[in-house]
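Trainee:
In this note's numbering, the protein residues as written are 15 to 442.
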């Protein structure tokens, strides 16, 4: 009986193999119009559920069955337009495409989307872009700068068969604009190029999302740095009586910088990752210069790279400040520990002196105890001897008592010493 090979598979084999094919490009052929939006999630924990609900609502409006709840990609031809949907960790992208007779920005496919659905995105659209894919080079169309409102354009020849132009600015309609000229692209190349362009725009905005956090963090870092400098100066001048107050002050600074780090660390790391993706997608364009205008790479180097450098600088400053606070905290705790050890040593010395005094007192009391016990024992012996003399015994009470005093005292002293040794062994 032949073996069914699929039964031998690891549980993740099929899913991992399909991952490379899970996000296919849109099939585009000039002329085309494309609208693209990136919808930000409610948060990392609830992003997927909220994004699936939005997609399901759009599909229901057009009577289309949406994807399963675990899907991260969806494509469908709705007739008037084609939709490509992708779910990412923080956002989801909707790319609408339609064939066009005239390659302009007059009637874009986003116009087919119901207004109620768009209103549900209130405050959540981070990226909105229009792309016009047209046949022929720049020379075959009207001046390209007339399609843009920005003062500066970036343009280049890309992927050995196309031209790309954009000002990367938000136009009056709320969308940024890109013009892609299909000069001599092969089949499916247009879809890959448009996908790269939209990814550059999306990842650019996601990378810049960390800049406001960096700008908000600077005043707080300035305040913490100033207060740390004052606390450190006070530590240098400290006479040993203010360490506890300084320790509380520096601990408060550590809590402030830790809270700031928790708020910003993820955002700064994400911005760094998105910036790497932007550069990777630009490299994939394989740009060649069009004389008189900067390339996309040069445009990003002048406009995006400084913002990312600001985020990196703030992140590095935040980490360095946290280390300085930790060092100051360790130094102050060491000083507090030394002071406490000195105080403990003084207390031990005081306890030792008191113990010595108690020992001397104890020894004095023991001497008195020997005398007192001996006195009472000798007194009892005296009564006994006198009673014997009264009974007619030939004894001299004074001689017997006088001879018994040293013997009784020695016996009492030895008995007390023996008792002390037994007690010492019992507690030792």
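Positions of the beta carbon are idealized from the N, C-alpha and C atoms, including for glycine.
Since we're looking at a predicted model, the values are computed, not measured.
Which residues in the same chain have their Cβ closer than 7 Å to the Cβ of residue 164, if we skip the five residues on either side of it in sequence?
Mentor: Close CB contacts of residue 164 within its chain, under the 7 Å cut and outside five residues either way in sequence, are with 181, 183 (chain order).
Trainee: Within 8 Å, do at least three Cβ pairs link the segment 60-74 to the segment 221-237?
Mentor: no
Trainee: From residue 263 to residue 256, what does the alpha carbon distance come to, in whole angstroms?
Mentor: 11 Å
Trainee: Taking the beta carbon of residue 99 as the centre, do at least 16 other beta carbons fall within 10 Å, making it buried, or is it exposed?
Mentor: Buried, by the Cβ-count rule.
Trainee: Closest to residue 64 by CA distance: which of 84, 48, 50 is it?
Mentor: 84
Trainee: Are the segment 264-283 and the segment 189-197 touching, with three or more C-beta to C-beta distances below 8 Å?
Mentor: no
Trainee: In the DSSP assignment, what residue or residues form a beta bridge with residue 195?
Mentor: 148, 177
Trainee: Taking 8 Å as the threshold, find out whether the segment 214-226 comes into contact with the segment 287-296 through three or more Cβ pairs.
Mentor: yes
Trainee: Determine, using beta-carbon pairs with one atom in the segment 38-57 and one in the segment 131-150, whether at least three such pairs fall under 8 Å.
Mentor: yes
Trainee: At what residues does the alpha helix (DSSP H) containing residue 232 begin and finish?
Mentor: 224-251
Trainee: Which term fits residue 432, buried or exposed, when burial requires 16 or more other beta carbons within 10 angstroms of its beta carbon?
Mentor: exposed
Trainee: Using a 10 Å radius around the Cβ and a threshold of 16 neighbouring Cβ atoms, would you call residue 123 buried or exposed?
Mentor: buried
Trainee: Across the segment 332-345 and the segment 244-252, are there enough close Cβ pairs to call them in contact, namely three or more that are closer than 8 Å?
Mentor: yes
Trainee: My guess is that residue 388 and residue 422 are in contact by the Cβ rule of under 8 Å, so how many angstroms apart are they, rounded?
Mentor: The pair is a contact, with the Cβ atoms about 5 Å apart (cut-off 8 Å).
Trainee: Beta carbon of residue 89: closer than 7 Å to some heavy atom of the ligand GDP?
Mentor: For the structure depicted, the ligand GDP is absent and the ligand set is empty, with no information on it obtainable.
Trainee: The beta strand (DSSP E) that contains residue 276, what's its start and end?
Mentor: Counted as a single uninterrupted DSSP element, the stretch harbouring residue 276 is not any beta strand (DSSP E) but the alpha helix (DSSP H) occupying residues 257-299.
Trainee: In the DSSP output, what is residue 88 paired with across the bridge?
Mentor: 99
Trainee: Note down, one range per segment and in chain order, each beta strand (DSSP E) of at least 3 residues found wholly within the segment 36-72.
Mentor: 46-54
Trainee: Can you tell me whether residue 75 is buried or exposed? The criterion is at least 16 other CB atoms within 10 Å of its CB, across all chains shown.
Mentor: exposed
Trainee: Only counting the same chain, and skipping five residues up and downstream in sequence, which positions put a Cβ closer than 6 Å to that of residue 81?
Mentor: 88
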